[in-house]
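Q: Here it is: the structure, laid out below.
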Amino acid sequence: MLEIDDVHASRGGAPVLSGVSLTVASGEIVAVVGRNGMGKSTLMMALMGLAPVTAGSISFLGRGITGRKPHEIARAGIGYVPEGRGIFHDLSVMENLLLTVPGGKRGRAAAALVQDRFPLLRERSSAPAGSLSGGQQQVLAIARALAPTPKLLVIDEFSDGVQPNLVREIADSLVALSAEGTSVLLVEQNATLALEISDRAYILEKGEIVASGISAELARDEGLLTRHLVI
Ligand SMILES: Nc1ncnc2c1ncn2[C@@H]1O[C@H](COP(=O)(O)OP(=O)(O)O)[C@@H](O)[C@H]1O
Ligand SMILES: [Mg+2]
């Protein structure tokens, strides 16, 4: 459903990605792992139209989305949870959820529905989002990306700054989501976690894919992991 083909992309005017190709199939969880500064976030931003793609192409559900505006890419059916979450602290939990759905009754229903998946958000619906813990804010960021029912969820470092019990809960909900047919593309420095929950993975180093394959097989290759990852 997603094809990234030989993408070159830059950040702040400097080239970061030099020819990255990856695919995500329907209902699959795909991980991109790699150490800090290797270009993982830049790759997600290039996909979402937030970093300039200087060469190569990206297509989603058979349509070219290279160079499209972020809102057009979102409307095509990709939900995005950025690194650092992008939560508005002064808005309530519900107001944050309403940001990604159309105004009116249908939008409110979609925001209410996504709270069913994450009951803690229902309990704190009218609380300021800034009063949630880091992990709860991560859950909110995921719920907000899911409210418009995307076909692909893109999530950057979901375990960062999240307490272990919530990391587990979020991981389980991503697996459940993929079982329901929503694809997930996730980026993680925590390779052990990412390889555990994904079907396939790519290792990114200095803007290039240096290895890829079935996650369970990569996880068994200790030499590969110590060469390229923080374990
Ligand atoms: N705002 C920015 N402007 C310029 N360069 C940046 C910016 N943010 C990150 N970079 C550089 O881009 C490279 C890749 O960063 P990033 O994609 O954030 O890596 P990762 O997500 O794997 O940690 C790094 O060398 C980093 O220093
Ligand atoms: Mg990053």
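Numbering of the sequence shown is given in my numbering, commencing with residue 1 and proceeding in unit increments.
From the three backbone atoms N, C-alpha and C, an ideal C-beta is built for every residue, glycine too.
Name the DSSP bridge partner or partners of Glu156?
A: Reading off the sequence shown, one finds Asp at residue 156, where the question assumed Glu. Paired residues: Val187.
Q: Look at the alpha carbon of Val167 and the alpha carbon of Pro102, and state the distance between them as a whole number of angstroms.
A: Taking the straight line from one Cα to the other gives about 30 Å.
Q: Would you report the Cα separation of Asn36 and Leu174, rounded to the nearest angstrom?
A: When rounded, the distance between both Cα atoms is 23 Å.
Q: Opposite Ser212 in the DSSP bridges: which residues?
A: Tyr202, per the DSSP bridge assignment.
Q: With Asp221 as the anchor, note down where its alpha helix (DSSP H) starts and where it stops.
A: Unbroken run through Asp221: none, as it is neither H nor E.
Q: Would you mind giving the Cβ-Cβ distance between Gln136 and Leu153, rounded to the nearest angstrom? I have them listed as a contact below 8 Å.
A: Rounded, the Cβ-Cβ distance is 18 Å, inconsistent with contact.
Q: With distances taken from CA atoms, which of Ala127, Glu180, Leu185, Ala143 is nearest Ala110?
A: Here the closest residue by C-alpha is Ala143.
Q: Return the chain-ordered list of same chain residues with a C-beta closer than 8 Å to the C-beta of Ile58, the five sequence neighbours on each side being excluded.
A: Only Leu2, Glu3, Ile4, Asp5, Val7, Ala46, Leu47, Gly64, Ile65, Thr66 meet the Cβ criterion.
Q: Can you give me the C-alpha to C-alpha distance between Ala9 and Glu208, rounded to a whole angstrom?
A: Roughly 11 Å separates the two Cα atoms.
Q: Taking Ile155 as the reference, give the member of Leu97, Leu186, Ile197, Glu180 with the closest Cα.
A: Looking at the Cα atoms, Leu186 is the closest of the given residues.
Q: Across which residues does DSSP place Arg11 in a beta bridge pair?
A: DSSP output for Arg11 lists Ala14 as bridge partner(s).
Q: Within 10 angstroms of the Cβ of His71, are there 16 or more other Cβ atoms? Answer buried if so, exposed if not.
A: His71 should be labelled exposed.
Q: Quick check on the DSSP output: the beta strand (DSSP E) that includes Ile142 runs from which residue to which?
A: Careful: Ile142 lies outside any beta strand (DSSP E), inside the alpha helix (DSSP H) at 134–146.
Q: Which of the three DSSP states is assigned to Ile73 in this structure?
A: Three-state result, Ile73: helix.
Q: For Asn165, count neighbouring Cβ atoms within 10 angstroms of its own Cβ and tell me buried if that reaches 16, exposed if not.
A: With fewer than 16 other Cβ atoms within 10 Å, it is exposed.
Q: Quick one: using the 10 Å Cβ neighbour count with 16 as the cut-off for buried, is Gly223 buried or exposed?
A: Under this definition Gly223 is an exposed residue.
Q: Do Lys206 and ligand 2 come close, with the Cβ less than 7 Å from some heavy atom?
A: No, the Cβ of Lys206 stays beyond 7 Å of every heavy atom of ligand 2.
Q: In whole angstroms, give me the CA-to-CA distance for Arg117 and Thr192.
A: When rounded, the distance between both Cα atoms is 25 Å.
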